[in-house]
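Encoded as structure tokens, the structure appears first; notes follow it.
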Amino acid sequence: MKKIIITLDGYSSCGKSTLAKQMARALNYVFIDSGAMYRAITLYFIAHAIDYTNDSAVQEALKQINLAFDYNISSGSSDILLNGRNVENEIREMRVSNLVSDVAANQYVREFGVAQQQQMGLQKGIVMDGRDIGTTVFPNAELKIFVTADPAIRVARRYLELSAKNPGISKEEVQANLAMRDEIDSTREFSPLRKADDAVVLDNSHLTREEQLKTALQWVNDKINSLAVL
Ligand code: CDP
297 MKKIIITLDG
307 YSSCGKSTLA
317 KQMARALNYV
327 FIDSGAMYRA
337 ITLYFIAHAI
347 DYTNDSAVQE
357 ALKQINLAFD
367 YNISSGSSDI
377 LLNGRNVENE
387 IREMRVSNLV
397 SDVAANQYVR
407 EFGVAQQQQM
417 GLQKGIVMDG
427 RDIGTTVFPN
437 AELKIFVTAD
447 PAIRVARRYL
457 ELSAKNPGIS
467 KEEVQANLAM
477 RDEIDSTREF
487 SPLRKADDAV
497 VLDNSHLTRE
507 EQLKTALQWV
517 NDKINSLAVL
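Below you can see the structure in the form of structure tokens.
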């Protein structure tokens with residue numbers, strides 16, 4: 297069966313990664329969490345006190361960063377490695393979430409991330425989620441999905457996810473973080489978050505995981521069938 301590139305973009309915590317993982321498993325595709333790459337870069341900047349507003353410091357720091365993904369059998373998806381170290385859990389901490397959108401808005405950080413993501417797509421057969429995947433990374437992707445969900449539902453989902461590991465976290469803190477990131481991500485100068493003109497919208501506010509997967513897989517089938525008749 298023909299392999300395609302599938303992009304999933306959207307606001308924070310709207311379930312992109314969940315859907316991307318489900319789709320990759322069902323289709324036997326590779327799932328790439330592009331947000332994990334920006335989070336790992338941010339973790340490096342925090343650890344080495346890199347000022348994200350200082351372009352020359354950013355450029356020097358990026359030369360020291362090596363990102364890779366390592367398949368984790370127990371979770372069924374890939375963990376991110378920062379210079380060979382598994383940082384999959386650390387990058388989800390609030391100290392990273394609070395800074396990642398500022399770091400990800402830097403022009404050199406974006407060039408770094410986008411170039412590596414484009415390399416990963418050369419073989420096709422990938423599902424990549426993020427903010428600018430359908431617009432900047434793979435403008436020619438065969439299937440682009442823009443995922444949305446009600447803001448209150450997004451906050452509730454992320455709070456549930458984070459409070460399991462951080463008992464001290466408050467719903468207000470989560471809400472403020474999502475609102476801040478969405479604002480920075482959609483108003484930044486370099487590849488802002490926006491729906492690609494040719495993306496289909498999936499609002500999963502009231503869909504179960506099975507329902508959202510079913511809809512998305514139907515789109516994949518339709519797309520592959522339409523390519524076959526061309
Ligand atoms: O928390 P959530 O899973 O929604 O976000 P994420 O996918 O882990 O991404 C974290 C942050 O990285 C986003 O808020 C963006 O600032 C940035 N990002 C980006 O700029 N471009 C991407 N393609 C993916 C993420």
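Heads up, the sequence shown is in the numbering used here, so the first residue is 297 and it goes up one at a time. Built from N, CA and C at the ideal position, the CB exists for glycine as well. Please read these numbers as outputs of a predicted model, since none were measured by experiment.
{"Check": "So what's Glu-326 in DSSP terms, helix, strand or just coil?", "Outcome": "The identity of residue 326 in the sequence shown is Val, whereas the question assumes Glu. Looking at Val-326 - three-state DSSP - the assignment turns out to be strand."}
{"Check": "Given this structure, state the Cα-to-Cα distance separating Gly-372 from Ala-357, to the nearest angstrom.", "Outcome": "31 Å"}
{"Check": "Check Phe-365 in the structure and name its three-state DSSP category.", "Outcome": "strand"}
{"Check": "Considering only the beta carbon of each residue, do Val-516 and Phe-442 sit closer than 8 Å?", "Outcome": "no"}
{"Check": "Flag Arg-490 as yes when its Cβ comes closer than 7 Å to any non-hydrogen atom of ligand 1, and as no otherwise.", "Outcome": "no"}
{"Check": "Do you know offhand how far Asp-428's Cα is from Gln-415's?", "Outcome": "15 Å"}
{"Check": "In the DSSP output, which residue or residues are listed as bridge partners for Arg-454?", "Outcome": "Its beta-bridge partners do not exist; DSSP assigns none."}
{"Check": "Grab the span of the alpha helix (DSSP H) containing Asp-351 for me, first residue to last.", "Outcome": "351–359"}
{"Check": "So, is Thr-349 buried or exposed, given that buried needs 16 or more other C-beta atoms within 10 angstroms?", "Outcome": "exposed"}
{"Check": "Grab the span of the alpha helix (DSSP H) containing Asp-478 for me, first residue to last.", "Outcome": "467–483"}
{"Check": "Excluding the 5 residues preceding and the 5 following Ser-393 in the sequence, name in chain order all residues of the same chain whose CB lies nearer than 6 Å to its CB.", "Outcome": "Asn-473"}
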